[in-house]
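**Q** Going from the sequence shown to my numbering is simple: count from 1 and add 5.
Think of the CB as a built atom: it goes at the ideal place given N, C-alpha and C, for glycine as much as any other residue.
Have a look at this one.
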Amino acid sequence: MKNSTVTILDFGSGKITCMAATKVSENADFLIKAVGQVSYNGFDDNSWYEPHLLKNQIGQTIAQVENKIRCNVKEIYVGVPGAFCAMVMGQSSLTFHSKKKIDEDDIAEITRKADIFETNDDYFALGGKPIYYLVDGIIPTVDAVGTIGNKLTGLVSFSYARKYFRNSVDPVLTELGIRKIHYINGCEAQAVYIANSMIKSTYSIVIDVGHITTNVMLCGGNGLMFQRTFALGSGYFAGDLCQVLGCDFKTATALLEKVNLNLEVRPGDMYNVNDRSVDAVQTNEIVRSRINQIADYIMKSFSLCDKEIPSDTPVILTGGGLAYLRGGVDILSQALQKPVRMYRNVNPQTNRNEYTSSYGLIYEAIRSNKSRNGLLALLKNIRKGEN
């Protein structure tokens, strides 16, 4: 495939998604050309729930995309789920003899010097991403190239992924004929994409309530400052309804499509679903209680964050469950005691909350592809100059 086209593989908590997309502008805007998707049982922070099925599920997902684009995938960007990732922050400085114009080499040196962390035997490094820079200690910027100063300081986020994840995925992709495999911190890619799409702010909080897991992320500048994953998601709503109301799973899922937490329901009000009337007050209370528990877990997660988060930091909700539950975002806002906004995008192709992690991987893949192509062009020019 051409360099303008990228393919990503995204492991959600309830489905595996493959997308092929084409870059349409220099600012990493893209057009999705094909989507493949297979449901599966996901993972916890230790392992896959059904590892013996993973090979077939990945193969099916990628095959769907290959059939649509009529081309074999040879290079792929794989999102590592938050449950398999870890991150740390590093800081470093460069002092120059006199004022100079900051260039790409200085940025690379800042990242190299900030990387003082040793990787243990269970993890491999995914690389560092700058959060922001300070020029002469007073001018914060997310892009220091071209600025002039005597001193450059950078705050850099470093991500690591469990080798268990790579050891599970690498052999499958290699057997499919995919030789170029790039691993990306999925939480970081998603948070940066959403922040750049919606918020023009120094910091933003992104909450992805998935099917059985929730990711909470603090994004600053162009990188991730904090991430945490816990095993609780929107898939629990239907289970709660089944257990308390004594209904089957099909009825519970149909009921969730009717639930509206913004309604002021009163005793005697009913939801009618599958030829059955269900008490609306009890139903709303069941769902509201689980949202409150998710909010409690979110607050406990951020209690572990050692960064000072400004009180006016915007909070964005995404994910395929809670974001679509009518009134869900309002209940979450009340529980967190902070205004929460839903992810939205003016582009209808990228306006679905259940796919924001995939959009983030595409966005990061295009930026990464652009950087690599730029470096290759530079090296070619250097070689020409040597001849």
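(1) How is the alpha helix (DSSP H) around PHE170 delimited, first residue to last?
(2) Would you tell me roughly how many angstroms separate the C-alpha atoms of ILE21 and LEU330, rounded to the nearest one?
(3) Flag this pair as yes or no: are the beta carbons of PHE35 and ILE299 separated by less than 8 Å?
(4) Could you tell me the alpha carbon to alpha carbon distance between TYR82 and ASP50, rounded to whole angstroms?
(5) Could you please give the first and the last residue of the uninterrupted beta strand (DSSP E) stretch that includes PHE122?
(6) Using 10 angstroms around the beta-carbon of LYS106, count the other beta-carbons present and answer buried if the total reaches 16, otherwise exposed.
(7) Can you name the start and end residues of the alpha helix (DSSP H) that GLY240 belongs to?
(8) Taking only three categories from DSSP, how would you classify GLU359?
(9) Can you tell which of SER294, TYR198, ILE204 and LEU223 has its C-alpha closest to the C-alpha of ILE210?
(10) From the DSSP output, in three-state form, read off LYS28 for me.
(11) Does the Cβ of THR361 have 16 or more other Cβ atoms within 10 Å, making it buried, or fewer, making it exposed?
(12) Is it buried or exposed, THR124, if we count other Cβ atoms within 10 angstroms and call 16 or more buried?
(13) Should the segment 155 to 169 be called in touch with the segment 333 to 346, which here means at least 3 C-beta pairs below 8 Å?
(14) Assuming VAL214 contacts SER173 under a Cβ cut-off of 8 Å, what Cβ separation, rounded to an integer in Å, is found between them?
(15) Write down the C-beta distance between GLY95 and ILE121 rounded to the nearest angstrom, noting that I regard them as a contact closer than 8 Å.
(16) Under DSSP, the beta strand (DSSP E) around LEU36 begins and ends at which residues?
(17) Identify whether PRO56 lies in helix, strand or coil by the three-state DSSP scheme.
(18) Can you check which of these residues, THR256, PHE231, SER338 and MET203, is closest to ASN267 by C-alpha distance?
(19) Note down, in chain order, each residue of its chain lying with its Cβ closer than 6 Å to the Cβ of GLU80, except the 5 sequence neighbours on either side.
(20) Please report how far the alpha carbon of SER162 lies from the alpha carbon of PRO135, in whole angstroms.
(21) For the candidate residues ASP301, LEU229 and SER316, whose alpha-carbon lies nearest to that of LEU160?
(22) Roughly how many whole angstroms lie between the Cα atoms of GLU114 and PRO145?
(23) Can you tell me which residues form a DSSP beta bridge with HIS187?
(24) Going by the CB atoms, is the gap between ARG346 and ILE321 shorter than 8 Å?
(25) Between the beta-carbon of VAL150 and the beta-carbon of GLU109, is there less than 8 Å?
(26) Suppose only complete runs of 4+ residues qualify. What are the alpha helix (DSSP H) ranges in the segment 109 to 150, listed by chain order?
(27) Measure the C-alpha to C-alpha separation of LEU260 and ASN227 and round it to an integer number of angstroms.
(28) If we require 3 or more residues per run, which beta strand (DSSP E) segments fall completely within the segment 279 to 348?
(29) Going by beta carbon distance, what residues of the same chain come within less than 7 Å of GLY87, once the five residues before and after it are set aside?
(30) Please state whether the Cβ-Cβ distance between THR318 and TYR208 is less than 8 Å.
(31) Select from ILE291, SER18, VAL292 and ASN201 the residue whose C-alpha is nearest the C-alpha of ARG349.
(32) Going by DSSP, which residues form a beta bridge with LYS105?
(33) State the Cα-Cα distance for the pair GLY325 and LYS104, rounded to the nearest angstrom.
(34) From ILE217, VAL351 and ASP175, pick the residue whose C-alpha is nearest to that of SER18; which is it?
(35) Among ASN277, TYR276, PRO315 and ASN265, which has the Cα closest to the Cα of ARG293?
(36) Which of the three DSSP states is assigned to CYS23 in this structure?
**A** With the structure as the only source:
(1) Segment 168 to 180, the alpha helix (DSSP H) holding PHE170.
(2) Their Cα atoms are separated by approximately 22 Å.
(3) ILE299 sits away from PHE35, with the two beta carbons spaced by 8 Å or more.
(4) Rounded to whole angstroms, the gap between the alpha carbons of TYR82 and ASP50 is 21 Å.
(5) Element bounds for PHE122: n/a, residue is neither H nor E.
(6) Residue environment analysis places LYS106 among the exposed positions, since fewer than 16 neighbouring C-beta atoms fall within 10 angstroms of its C-beta.
(7) That run of the alpha helix (DSSP H) goes 240 to 250.
(8) Three-state DSSP puts GLU359 in a helix.
(9) The residue with the shortest Cα to Cα distance from ILE210 is LEU223.
(10) Residue state, collapsed to three classes: strand.
(11) Under this definition THR361 is a buried residue.
(12) By the Cβ-count criterion, THR124 is exposed, with fewer than 16 other Cβ atoms from all chains shown falling within 10 Å of its own Cβ.
(13) With the cut-off at 8 Å, the segment 155 to 169 and the segment 333 to 346 do not touch.
(14) About 25 Å; that fails the 8 Å criterion.
(15) Indeed, because the Cβ distance is near 6 Å, the residues count as touching under 8 Å.
(16) It spans 35 to 44 - the beta strand (DSSP E) in which LEU36 sits, taken as one unbroken run.
(17) In the three-state reduction of the DSSP assignment, PRO56 falls in the helix class, which pools H, G and I.
(18) Checking every option, the nearest Cα to that of ASN267 belongs to SER338.
(19) Excluding residues within five positions, the ones whose Cβ falls inside 6 Å are LYS185.
(20) Each residue's Cα considered, the two are about 6 Å apart.
(21) Nearest Cα to LEU160 within the set ASP301, LEU229 and SER316: LEU229.
(22) Their backbone Cα atoms lie some 18 Å apart in a straight line.
(23) Per DSSP, TYR82.
(24) In this structure, ARG346 lies closer than 8 Å to ILE321 by Cβ.
(25) With a cutoff of 8 Å on beta-carbon distance, VAL150 and GLU109 are scored as near each other.
(26) The segment 109 to 150 contains these whole alpha helix (DSSP H) runs: 109 to 119.
(27) Distance from the CA of LEU260 to the CA of ASN227, rounded to the nearest whole angstrom, comes to 40 Å.
(28) Annotation note: the segment 279 to 348 contains the following uninterrupted beta strand (DSSP E) runs of length 3 or greater, listed N- to C-terminal: 281 to 284, 320 to 323 and 345 to 347.
(29) Here GLY87 has GLY191, CYS192, ASN220, GLN232 and THR234 as same chain residues with Cβ atoms under 7 Å from its own Cβ, once five neighbours each way along the sequence are excluded.
(30) Yes. Within cutoff.
(31) The alpha carbon of ARG349 has as its nearest neighbour, out of ILE291, SER18, VAL292 and ASN201, the alpha carbon of ASN201.
(32) DSSP, once it has assigned bridges, lists GLY154 as partnering LYS105.
(33) C-alpha separation (whole angstroms): 50 Å.
(34) When each option's Cα is compared against that of SER18, the closest is ILE217.
(35) The shortest CA-to-CA distance from ARG293 to any of ASN277, TYR276, PRO315 and ASN265 is the one to ASN265.
(36) Here CYS23 carries a strand assignment [DSSP, helix/strand/coil].
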